[in-house]
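According to the numbering used here, numbering within the sequence shown proceeds without interruption in unit steps and concludes at 155. Think of the CB as a built atom: it goes at the ideal place given N, C-alpha and C, for glycine as much as any other residue. A quick write-up on the structure given underneath.
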Amino acid sequence: QLLKECFGTISAVLDDGERRRTPTEVSQKLSAHLDASTVRHTAPSIGIPILAPDGRSLLRGPRINVPELTGHRSTVSLDDHAAVDGWARKGWIDLRPENAAVWLQRLAKMREARAELRTAGSAAASIRTYIGSHFEIGEVVAWIFNNEMGGHRMK
Numbered sequence: 001q002l003l004k005e006c007f008g009t010i011s012a013v014l015d016d017g018e019r020r021r022t023p024t025e026v027s028q029k030l031s032a033h034l035d036a037s038t039v040r041h042t043a044p045s046i047g048i049p050i051l052a053p054d055g056r057s058l059l060r061g062p063r064i065n066v067p068e069l070t071g072h073r074s075t076v077s078l079d080d081h082a083a084v085d086g087w088a089r090k091g092w093i094d095l096r097p098e099n100a101a102v103w104l105q106r107l108a109k110m111r112e113a114r115a116e117l118r119t120a121g122s123a124a125a126s127i128r129t130y131i132g133s134h135f136e137i138g139e140v141v142a143w144i145f146n147n148e149m150g151g152h153r154m155k
């Protein structure tokens with residue numbers, strides 16, 4: 001949602017018309033946009049924290065869904081980088097440059113696949129190529145499930 005709000009299209013995330021964007025640039029733009037976004041209030045209020053670009057600051061609400069706390073624990077440390085990476089992948093909004101790099105690679109693959117479809121025609125349509133140029137969140141999620149998480153099945 002933040003990428004869509006901040007950039008509008010997949011191509012605008014990847015480059016500014018003259019050069020490719022860097023992960024740090026994308027991370028900073030998303031962080032700067034956060035104050036104007038409803039995501040800033042909505043996500044933490046339903047248990048989805050927002051990890052700042054520095055990787056040490058967390059915007060959170062009254063509860064956090066990930067990690068699930070067991071027993072009598074009520075705190076977790078952000079010093080365990082491997083644990084933070086796992087929690088961020090599992091259910092946080094991650095504004096760190098490392099995550100922006102993952103999204104830039106992912107979006108580049110989506111754009112490349114779409115370009116292949118244009119040059120080869122409808123015969124080239126596949127789960128890898130079906131994604132538009134605009135940021136349709138459902139299409140992006142479906143592409144990730146199909147291409148990164150093995151979600152595509154043939155009947």
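Can you grab the Cα-Cα spacing for the pair residue 48 / residue 84, in whole Å? As a working mapping, residue 48 is identified with position 48 in the sequence shown. As a working mapping, residue 84 is identified with position 84 in the sequence shown. Those two C-alpha atoms are separated by around 13 Å.
What is the DSSP secondary structure of residue 130, counted as helix, strand or coil? Residue mapping note: residue 130 aligns to position 130 of the sequence shown, counting from 1. Unreliable positioning characterises residue 130 in this predicted model, as indicated by a pLDDT of 49, which lies under 50. A coordinate reading is not provided.
Secondary structure at residue 163, three-state DSSP: helix, strand or coil? For the chain, the structure presents residues 1 to 155; residue 163 sits outside this window and is missing.
For residue 69, which three-state DSSP category applies? In the sequence shown, residue 69 corresponds to position 69, counting from 1. Three-state result, residue 69: coil.
Indicate whether the contact test is met: 3 or more Cβ pairs, each with one atom in the segment 104-115 and one in the segment 85-95, closer than 8 Å. no
Can you name the start and end residues of the alpha helix (DSSP H) that residue 83 belongs to? The residue given as residue 83 occupies position 83 in the sequence shown. Residue 83 -> alpha helix (DSSP H) spans 81-91.
Pull up the distance between the alpha-carbon of residue 17 and that of residue 136, whole angstroms please. Taking the first residue of the sequence shown as position 1, residue 17 is located at position 17. Taking the first residue of the sequence shown as position 1, residue 136 is located at position 136. Each residue's Cα considered, the two are about 21 Å apart.
Would residue 1 and residue 27 be called neighbours here (beta carbons separated by less than 9 Å)? Residue 1 sits at position 1 when you count from the first residue of the sequence shown. Residue 27 sits at position 27 when you count from the first residue of the sequence shown. Cβ distance not < 9 Å, so residue 1 and residue 27 don't count as in contact.
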